[in-house]
Amino acid sequence: MATYVIGDLQGCLTPLIELLEQIHYQPEKDTLWFAGDLINRGPESLETLRFIKSLGDSAITVLGNHDLHLLAVAYGHGNLKRGDTLTEILTASDRDDLMNWLRQQPLFHYDETFNVAMAHAGIPPCWDLNTTQALAKEVENKLQSDSVDEYFSAMYGNTPNKWSDDLKGMDRLRSITNYLTRMRFCNVKSKLDLKSKEAINTASKGYEPWFNYPLQIPEGCHVVFGHWAALEGNTEKDHIHALDTGCVWGGSLTALRLDDMQRFSTPCTINRKNS
């Protein structure tokens, strides 16, 4: 029995199958964690979503910004962007089942046995583990409620870009969403820079990668995340594991085995669709 965390798939099912063959994945014994962004930009978004859903309880996934974008479009509160590969999902016969399943997925996962926390973009320095769990739950409850349209109608946006416990309504939920699914750079007060997306040395003045600040997590806790392909899987921190290695951009797909923290990668073998 083994547990693997896999980085951003973004609709690249073929490399995933190749990676699972490489690690000798056993569906009846092993557990797979997915760090979000299951779909979009790759050529197999529909097939990827169906495959992850079919894994049932043997897989754990957190939502990424692309997953939330798909849901917003499906609920009529977002527009397809250049490069999106979501049309096949949106027109699929099982669209509603897939969207209902996706809405039930969390934004944050913590496993006490491994002492590992997972969020698509990471954990902001201003939150401890309990706070992160509680705030993620606020968004999850909204996603799974009858008022989900209210969430998607106001989900997009870069403000507020600094956390405050006093935030209310959709400002609060949007802020939580951005920290957990879009964060890369922040300042010492955890104010987000949501425009810079490149490598560590491209930060605006006064900003650093979120993991360069002291985090309020338990001793020995590891954080696994995706989202930031420009890191090429390297944070230079032993307990912070970047797993988006840019498969959809011609890089590789990476899995981290939590049992011994060994990495496995397979090169990209797909041609990204243009749309």
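So in the UniProt record's numbering, spot 90 of the sequence shown is number 90, and the numbers just go up one at a time. Think of the CB as a built atom: it goes at the ideal place given N, C-alpha and C, for glycine as much as any other residue.
Rounded to a whole number of angstroms, what is the C-alpha to C-alpha distance between residue i and residue j?
i: Lys-197; j: Leu-243; result: 16 Å
i: Arg-103; j: Asp-37; result: 13 Å
i: Gly-233; j: Arg-182; result: 17 Å
i: Met-261; j: Thr-235; result: 15 Å
i: Arg-41; j: Thr-14; result: 14 Å
i: residue 276; j: Tyr-151; result: Any property of residue 276 remains undetermined from this structure, which presents the chain solely from 1 to 275.
i: Ile-89; j: Leu-20; result: 24 Å
i: Asn-212; j: Ile-123; result: 12 Å
i: Ser-204; j: Lys-142; result: 33 Å
i: Val-148; j: Asn-79; result: 17 Å
i: Cys-12; j: Gly-250; result: 11 Å
i: Asn-130; j: Gly-83; result: 37 Å
i: residue 277; j: Val-188; result: Residue 277 lies beyond the stretch modelled for the chain, which goes from 1 to 275, so this question has no answer here.
i: Gln-216; j: Asp-146; result: 34 Å
i: Asp-193; j: His-24; result: 40 Å
i: Ala-229; j: Asp-165; result: 31 Å
i: Ala-134; j: Thr-269; result: 39 Å
i: Ala-117; j: Phe-185; result: 19 Å
i: Val-73; j: Ile-176; result: 20 Å
i: His-241; j: Glu-47; result: 27 Å
Let me check understanding here. Comparing Cα to Cα, which of the options lies closest to residue i?
i: Ala-154; options: Lys-168, Gly-83, Ala-35, Arg-174; result: Arg-174
i: Leu-32; options: Ala-2, Asn-40, Trp-101, Thr-14; result: Ala-2
i: Thr-266; options: Ile-17, Ile-60, Glu-140, Thr-132; result: Ile-17
i: Pro-27; options: Thr-177, Phe-51, Val-139; result: Phe-51
i: His-227; options: Gly-169, Thr-269, His-239, Gly-246; result: Gly-246
i: Leu-71; options: Phe-264, Thr-87, Glu-138; result: Thr-87
i: Asp-57; options: Ser-93, His-69, Leu-256, Trp-101; result: Trp-101
i: Tyr-110; options: Leu-55, Asp-30, Ile-60, Glu-44; result: Ile-60
i: Glu-44; options: Leu-68, Ala-92, Arg-172, Ala-117; result: Ala-92
i: Asn-158; options: Trp-127, Glu-140, Pro-218, Tyr-179; result: Tyr-179
i: His-239; options: Leu-256, Ser-252, Val-248; result: Leu-256
i: Pro-160; options: Thr-132, Ser-190, Glu-140, Pro-125; result: Ser-190
i: Lys-237; options: Leu-253, Thr-254, Pro-209; result: Pro-209
Tell me residue i's beta-bridge partners as DSSP assigns them.
i: Trp-33; result: Val-5, Ile-60
i: Arg-193; result: Before going on, a small fix: residue 193 reads as Asp here, not Arg. Answer is Phe-185.
i: Glu-208; result: Cys-186
i: Arg-257; result: Tyr-4, Gln-262
i: Phe-108; result: Ala-119
i: Ser-252; result: Gly-246, Pro-267
i: residue 345; result: Any answer about residue 345 is impossible in this case: the structure gives the chain only from 1 up to 275.
For the alpha helix (DSSP H) containing residue i, list its first residue and its last residue.
i: Pro-267; result: Here Pro-267 belongs to no alpha helix (DSSP H); instead the beta strand (DSSP E) covers 262-267.
i: Met-99; result: 95-103
i: Ala-72; result: 65-74
i: Arg-50; result: 45-54
i: Ser-153; result: 148-153
i: Val-138; result: According to the sequence shown, residue 138 is Glu rather than Val. Residues 129-143.
i: Ile-89; result: 87-90
On the DSSP letters alone, give me the boundaries of the beta strand (DSSP E) that residue i sits inside.
i: Ile-240; result: 240-242
i: Phe-225; result: 222-225
State the CB to CB distance for the pair residue i and residue j, rounded to an integer number of angstroms; the pair is presumed to be in contact (CB under 8 Å).
i: residue 277; j: Leu-258; result: Residue 277 is absent from the structure shown; the chain starts at 1 and stops at 275.
i: His-120; j: Phe-225; result: 6 Å
i: Ala-136; j: Leu-167; result: About 15 Å separates the two Cβ atoms, so there is no contact after all.
Considering only heavy atoms of the ligand GDP, does any lie closer than 6 Å to the CB of residue i?
i: Thr-48; result: The ligand GDP is absent from the structure shown, which contains no ligand whatsoever.
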